[in-house]
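Peer 1: Here my numbering is used: the first residue of the sequence shown is 492, the next is one more, and so on.
A virtual CB, placed ideally from N, CA and C, is assigned to each residue, including glycine.
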Amino acid sequence: MNDILVGVDPHIQPSFTLSNRLRRLLWGVTAAVLYQTSPRPFHAWRAFLLRCFGARLGTGCHFYPHVAIWAPWNIEAGDQVVVGNGANLYSMAKITIGDRAVISQGAHLCCGGHDYEDPLFQLVASPIHIGARAWVCAEAFVAAGVTVGAGAVIGARAVLVKNAEPWGVYAGHPAKLLKQRVLRDTERPVRDSDRLQPAAAMARDEVAQDEDRKAALP
Numbered sequence: 492m493n494d495i496l497v498g499v500d501p502h503i504q505p506s507f508t509l510s511n512r513l514r515r516l517l518w519g520v521t522a523a524v525l526y527q528t529s530p531r532p533f534h535a536w537r538a539f540l541l542r543c544f545g546a547r548l549g550t551g552c553h554f555y556p557h558v559a560i561w562a563p564w565n566i567e568a569g570d571q572v573v574v575g576n577g578a579n580l581y582s583m584a585k586i587t588i589g590d591r592a593v594i595s596q597g598a599h600l601c602c603g604g605h606d607y608e609d610p611l612f613q614l615v616a617s618p619i620h621i622g623a624r625a626w627v628c629a630e631a632f633v634a635a636g637v638t639v640g641a642g643a644v645i646g647a648r649a650v651l652v653k654n655a656e657p658w659g660v661y662a663g664h665p666a667k668l669l670k671q672r673v674l675r676d677t678e679r680p681v682r683d684s685d686r687l688q689p690a691a692a693m694a695r696d697e698v699a700q701d702e703d704r705k706a707a708l709p
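#1: Helix, strand or coil for residue 547, going by three-state DSSP, please let me know.
#2: In chain order, which beta strand (DSSP E) runs of at least 3 residues are fully inside the region 555-639?
#3: Can you round the beta-carbon distance between residue 558 and residue 580 to whole angstroms, since I take them to be within the 8 Å contact cut?
#4: Distance check for residue 665 and residue 652, CA to CA, integer angstroms please.
#5: Using the C-alpha atoms, what's the distance from residue 549 back to residue 590?
#6: Going by beta-carbon coordinates alone, are residue 656 and residue 647 separated by less than 8 Å?
#7: Please determine if the region 512-524 and the region 568-578 are in contact, where contact requires at least 3 C-beta pairs separated by less than 8 Å.
#8: Measure from the alpha carbon of residue 629 to the alpha carbon of each residue in 510, 498, 598, 536, then state which is nearest.
#9: Would a C-beta distance cut-off of 8 Å place residue 564 and residue 544 closer than the cut-off?
#10: Can you tell me whether residue 510 is buried or exposed? The criterion is at least 16 other CB atoms within 10 Å of its CB, across all chains shown.
#11: Give me, in chain order, the residues of the same chain whose beta-carbon lies closer than 7 Å to that of residue 634; leave out the 5 immediate sequence neighbours on both sides.
#12: Give the straight-line distance between the Cα atoms of residue 612 and residue 520, rounded to the nearest whole angstrom.
#13: Spatial neighbours of residue 498 within its chain, please: CB distance less than 6 Å, with the 5 preceding and 5 following residues excluded, ordered by chain position.
#14: Using DSSP bridges, identify the partner residues of residue 533.
#15: What's the C-alpha gap between residue 518 and residue 658?
#16: The alpha helix (DSSP H) spanning residue 499 covers which residue range?
#17: Which residues in the same chain have their Cβ closer than 8 Å to the Cβ of residue 570, if we skip the five residues on either side of it in sequence?
#18: Exposed or buried, which one is residue 673 when buried takes at least 16 other CB atoms within 10 Å?
#19: Cβ atoms of residue 587 and residue 560: under 8 Å apart, would you say?
#20: Tell me whether the beta-carbon of residue 562 lies closer than 8 Å to the beta-carbon of residue 512.
Structure (structure tokens):
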């Protein structure tokens with residue numbers, strides 16, 4: 492559902508439907524009273540609150556108390572996703588985050604913007620996808636419509652306005668590819684058995700699952 496109104500003057504009229512504004516009002520009160528005041532280790536409680544407002548979260552997600560979330564119903568995260576304090580999920584459109592991805596403190600995922608060539612300064616929104624095992628570092632900015640590939644790293648305070656390729660390391664303003672991220676092929680125990688499997692192979696499996704999940708999205 493598109494909640495953005497078209498052809499209105501944002502200086503004198505609301506830019507969103509009444510239902511959207513009411514939902515965000517209810518979420519804002521809930522966030523202020525129950526979410527942001529929760530103790531730091533209460534990740535399951537915060538995940539519960541987000542799910543109550545339509546977020547689709549996997550298991551073991553850590554959303555910290557001072558994460559700003561514009562619309563929880565536009566958030567979809569895989570397993571063991573971490574979003575640090577001060578991060579801003581400006582989810583005017585869908586934000587999807589793959590398994591074990593990390594959004595560090597102060598990072599900004601910005602799905603909304605304006606058509607600056609429109610005399611009415613029309614509000615526009617596009618989705619953001621963060622791939623499995625990607626890392627958006629502290630205070631980095633990811634623009635609307637951007638895909639961060641699986642395993643990619645977006646350096647601290649980088650400004651990413653174009654898609655980041657899988658397993659690339661990016662930094663700068665605008666962010667540019669510096670090198671490829673290569674995982675050390677160490678061995679570690681798999682959680683549900685005593686079998687050993689190389690970490691890089693495990694990463695590839697998780698990335699493939701994330702891509703399958705993304706392809707299945709409507």
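Peer 2: Looking at the atomic coordinates:
#1: Shown here, residue 547 sits in a strand according to DSSP, grouped into three states.
#2: If only complete runs of 3 or more residues are kept, the region 555-639 shows the beta strand (DSSP E) at 566-568, 579-581, 586-588, 599-601, 603-605, 614-616, 619-621, in order along the chain.
#3: Contact check for residue 558 and residue 580: beta-carbon distance about 7 Å, within the 8 Å limit, so the pair qualifies.
#4: 7 Å
#5: A straight line joining the alpha-carbon of residue 590 with that of residue 549 spans about 8 Å.
#6: no
#7: No: fewer than three Cβ pairs fall under 8 Å.
#8: 598
#9: yes
#10: exposed
#11: 601, 651, 652
#12: 29 Å
#13: Its chain contains no residue whose beta carbon lies nearer than 6 Å to that of residue 498 once the 5 sequence neighbours on both sides are disregarded.
#14: Looking at the DSSP assignment, residue 533 forms no beta bridge with any residue, so it has no partner.
#15: Straight through space, the alpha carbons of residue 658 and residue 518 are spaced by roughly 35 Å.
#16: In the DSSP annotation of this structure, residue 499 is not part of any alpha helix (DSSP H), being labelled neither H nor E.
#17: 549, 550, 551, 552, 590, 591
#18: exposed
#19: no
#20: no
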